[in-house]
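Accompanying notes for the structure given below.
Numbering (this note's numbering), first residue to last: 412 to 750.
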């Protein structure tokens, strides 16, 4: 059984860190690994759960009827397979804590992504800075779904900043929240759900039925993290010399303009904080009173992104401590015996 902060048994120790020390070790090791090794290639790419779930989803999609039932089968089988494999690994290693910590750090590392996103966005910034639009389009196309071939500087920068904050939820904030409450397997589950949405969750006629469940599941699992991240973006505004009130105003007014129930939240709060217009032609225009961004605004967006990450990670650590200390105190007060 996993130990709480005071050392009493509460949860299965193959699922969650035993204490704050293990929690922090797994977290720090995962973040360092993401910084050192943002790209995956060769065997590391082939076994990466994002890669295996994405490829398997498309392979099953090509072999099954275009129906919601097929979408459910694909979603359920792939999530169960990955959770089962990695959960079994942690279960086997649960009595060997150093190995368990290493395996958990790996799982958390592949469930989150920060530096790779930053590399793409900074490359877009460099391309725009030297007026090389093709270079900027090359890198922005790696982080957005839209056709960027005809976009000018303002809309390229907008797409990069939109993805920077939208992916902050999908690739960091959400898996970190589930890590706090469900351990590394919780983070992995979120990442697989998000990947299946990326593979199948399109609104085109071809994917509409099969992608219905993957899209809905992704919206549901990221609902709270998206709103929590939005509030922390607003709270970060003074740290980058911007107005908290202006960000809040834009957030309240424009957060529902996107088709996605989640992405508009972080885009609107970032738009108001940075005082820039985020626009996808023909779909939405957030912060309509502002101008389109340029390469300097991408630099400011990165600063806001870093401040938000720092606040969010600090909050997650505080939640972890408060959550488990709260449970400990409750157990002590009620006299429950969980052994």
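Every residue gets a Cβ at the ideal spot worked out from N, C-alpha and C, and that includes glycine.
Practice problem: Quick one: using the 10 Å Cβ neighbour count with 16 as the cut-off for buried, is residue 707 buried or exposed? | Solution: Residue mapping note: residue 707 aligns to position 296 of the chain shown, counting from 1. Exposed: under 16 other Cβ atoms inside 10 Å.
Quiz item: Which of the three DSSP states, helix, strand or coil, is assigned to residue 554?
Solution: Position 143 of the chain shown holds residue 554. Note: residue 554 maps to coil in three-state DSSP.
Quiz prompt | Same chain, Cβ closer than 8 Å to residue 596, neighbours up to 5 away in sequence not counted | solution = As a position in the chain shown, residue 596 is number 185, starting the count at 1. Counting only Cβ-Cβ distances below 8 Å, and skipping sequence neighbours, we find 426, 494, 497, 498, 501 and 518.
Quiz item: Nearest to residue 453 by CA position, among 462, 719 and 447, is which residue?
Solution: In the chain shown, the residue the question calls residue 453 occupies position 42. Per the Cα distances, 462.
Self-check item: Enclosing beta strand (DSSP E) for residue 700 [first to last residue]
Solution: Position 289 of the chain shown, counted from the start, is the residue given in the question as residue 700. Counting along the chain, no beta strand (DSSP E) covers residue 700, and no H or E run does either.
Quiz item: When DSSP labels each residue in this structure, what does residue 542 get in the three-state scheme?
Solution: Position 131 of the chain shown, counted from the first residue, corresponds to residue 542. The answer is coil: DSSP assigns residue 542 none of H, G, I, E or B.
Quiz item: Quick one, are the C-beta atoms of residue 580 and residue 637 less than 8 Å apart?
Solution: Counting from one through the chain shown, the residue named residue 580 turns up at place 169. Counting from one through the chain shown, the residue named residue 637 turns up at place 226. The answer is yes: Cβ separation under 8 Å.
Quiz prompt | C-alpha distance - residue 661 paired with residue 432, whole-angstrom precision | solution = Locating residue 661 in the chain shown gives position 250, counting from the first residue. Locating residue 432 in the chain shown gives position 21, counting from the first residue. Residue 661 and residue 432: Cα-Cα distance of roughly 40 Å.
Quiz prompt | Buried or exposed by the 16-neighbour rule on C-beta atoms within 10 Å, applied to residue 603 | solution = Indexing the chain shown from 1 puts residue 603 at position 192. Buried, because 16 or more other Cβ atoms sit within 10 Å of the Cβ of residue 603.
Quiz item: Could you give the distance in angstroms between the alpha-carbon of residue 568 and the alpha-carbon of residue 705?
Solution: The residue you call residue 568 lines up with position 157 of the chain shown. The residue you call residue 705 lines up with position 294 of the chain shown. Approximately 6 Å, taken between the alpha carbons.
Quiz item: Do you know whose CA, among 682, 689 and 643, lies nearest residue 722's CA?
Solution: Within the chain shown, the letter at position 311 stands for residue 722. Ranking the options by Cα distance to residue 722, first place goes to 643.
Quiz item: DSSP on residue 398, reduced to helix/strand/coil?
Solution: The chain is shown only over 412 to 750; residue 398 falls outside these bounds and no answer can be derived.
Quiz item: Contact check, residue 576 vs residue 716 under 8 Å by CB: the rounded distance?
Solution: Along the chain shown, read from residue 1 onward, the residue named residue 576 stands at position 165. Along the chain shown, read from residue 1 onward, the residue named residue 716 stands at position 305. Their Cβ separation, rounded to whole angstroms, is 7 Å, which keeps residue 576 and residue 716 in contact under 8 Å.
Quiz item: If we ignore side chains and look at the alpha-carbon of each, how far apart do residue 697 and residue 543 end up?
Solution: As a position in the chain shown, residue 697 is number 286, starting the count at 1. As a position in the chain shown, residue 543 is number 132, starting the count at 1. Their Cα atoms are separated by approximately 26 Å.
Quiz item: Do you know how far the Cα of residue 520 is from the Cα of residue 444?
Solution: Taking the first residue of the chain shown as position 1, residue 444 is located at position 33. Taking the first residue of the chain shown as position 1, residue 520 is located at position 109. Cα-Cα distance, rounded: 7 Å.
Quiz item: Shortest alpha-carbon distance to residue 572 belongs to which of 442, 680 and 735?
Solution: Residue 572 sits at position 161 when you count from the first residue of the chain shown. That would be 680, whose Cα lies nearest to the Cα of residue 572.
Exercise. Figure out for me which residue from 437, 682, 714 and 621 has the closest Cα to the Cα of residue 512.
Key: Reading the chain shown from its first residue, position 101 is the one you call residue 512. When each option's Cα is compared against that of residue 512, the closest is 437.
Quiz item: Can you list the alpha helix (DSSP H) stretches of 4 or more residues lying completely in the segment 453-488, in chain order?
Solution: 453-457 and 460-474
Quiz item: Excluding the five sequence neighbours on either side, which residues of its own chain have a C-beta within less than 6 Å of the C-beta of residue 538, listed in chain order?
Solution: Indexing the chain shown from 1 puts residue 538 at position 127. Excluding sequence neighbours, residue 538 sits near 546 and 547.
Quiz item: Just how far apart, CA to CA, sit residue 732 and residue 422?
Solution: Working through the chain shown from its first residue, we reach residue 732 at position 321. Working through the chain shown from its first residue, we reach residue 422 at position 11. About 15 Å.
Self-check item: Closest residue to residue 683 among 691, 673 and 703 (Cα-Cα distance)
Solution: For this step, residue 683 is matched to residue 272 along the chain shown. The residue with the shortest Cα to Cα distance from residue 683 is 703.
Quiz item: What does residue 689 pair with, by DSSP beta-bridge criteria?
Solution: Numbered from its first residue, the chain shown carries residue 689 at position 278. Per DSSP, 697.
Quiz item: When you compare only the Cα positions, how much space is there between residue 570 and residue 627?
Solution: Here residue 570 is taken as the residue at index 159 of the chain shown, counted from 1. Here residue 627 is taken as the residue at index 216 of the chain shown, counted from 1. Inter-residue distance for residue 570 and residue 627 is about 23 Å (C-alpha atoms, whole angstroms).
Self-check item: Spatial distance of residue 665 from residue 564 (CA atoms)
Solution: Against the chain shown, residue 665 aligns to sequence position 254. Against the chain shown, residue 564 aligns to sequence position 153. For residue 665 and residue 564, the distance between alpha carbons rounds to 23 Å.
Quiz item: Using the rule of at least 16 other Cβ atoms within 10 Å of the residue's Cβ for burial, across every protein chain shown, is residue 460 buried or exposed?
Solution: By one-based count along the chain shown, residue 460 stands at place 49. When all chains shown are included, residue 460 counts as buried.
Quiz item: Leaving out five residues before and five after residue 540 in sequence, what residues of the same chain have Cβ atoms less than 6 Å from its Cβ?
Solution: Against the chain shown, residue 540 aligns to sequence position 129. Cβ within range, chain order: 706.
Quiz prompt | Straight-line gap, residue 434 to residue 584 (C-alpha atoms, nearest Å) | solution = Within the chain shown, the letter at position 23 stands for residue 434. Within the chain shown, the letter at position 173 stands for residue 584. Distance between the alpha carbons of residue 434 and residue 584 is about 16 Å.
Quiz item: Is the distance from the Cβ of residue 479 to the Cβ of residue 623 below 8 Å?
Solution: The sequence position of residue 479 within the chain shown is 68, counting from 1. The sequence position of residue 623 within the chain shown is 212, counting from 1. In contact: residue 479 and residue 623 (Cβ atoms closer than 8 Å).
Exercise. Would you mind reading off the limits of the alpha helix (DSSP H) that contains residue 664?
Key: As a position in the chain shown, residue 664 is number 253, starting the count at 1. Unbroken alpha helix (DSSP H) run through residue 664: 655-665.
Practice problem: Would you identify the three-state DSSP class for residue 532, choosing helix, strand or coil? | Solution: As a working note, residue 532 is residue 121 in the chain shown. Three-state result, residue 532: helix.
Self-check item: Residue closest to residue 440, alpha-carbon to alpha-carbon, out of 471, 669, 509 and 450
Solution: Position 29 of the chain shown, counted from the first residue, corresponds to residue 440. For the residues 471, 669, 509 and 450, the minimum Cα distance to residue 440 belongs to 509.
Self-check item: For residue 529 and residue 559, the rounded distance between their alpha carbons
Solution: For the purposes of this step, residue 559 is taken as the residue at position 148 of the chain shown. For the purposes of this step, residue 529 is taken as the residue at position 118 of the chain shown. Straight-line Cα distance between these residues: approximately 19 Å.
Quiz prompt | Rounded straight-line distance, which links the Cα of residue 475 to that of residue 469 | solution = For the purposes of this step, residue 469 is taken as residue 58 along the chain shown, with counting starting at 1. For the purposes of this step, residue 475 is taken as residue 64 along the chain shown, with counting starting at 1. Straight-line Cα distance between these residues: approximately 10 Å.
Practice problem: Return the chain-ordered list of same chain residues with a C-beta closer than 7 Å to the C-beta of residue 574, the five sequence neighbours on each side being excluded. | Solution: Numbered from 1 along the chain shown, position 163 holds the residue referred to as residue 574. Answer for residue 574: 554 and 555, listed in chain order.
Self-check item: For residue 537, three-class secondary structure by DSSP
Solution: Numbered from its first residue, the chain shown carries residue 537 at position 126. It is helical.
Exercise. Would you mind giving the Cβ-Cβ distance between residue 658 and residue 648, rounded to the nearest angstrom? I have them listed as a contact below 8 Å.
Key: As a working mapping, residue 658 is identified with position 247 in the chain shown. As a working mapping, residue 648 is identified with position 237 in the chain shown. Indeed, because the Cβ distance is near 5 Å, the residues count as touching under 8 Å.
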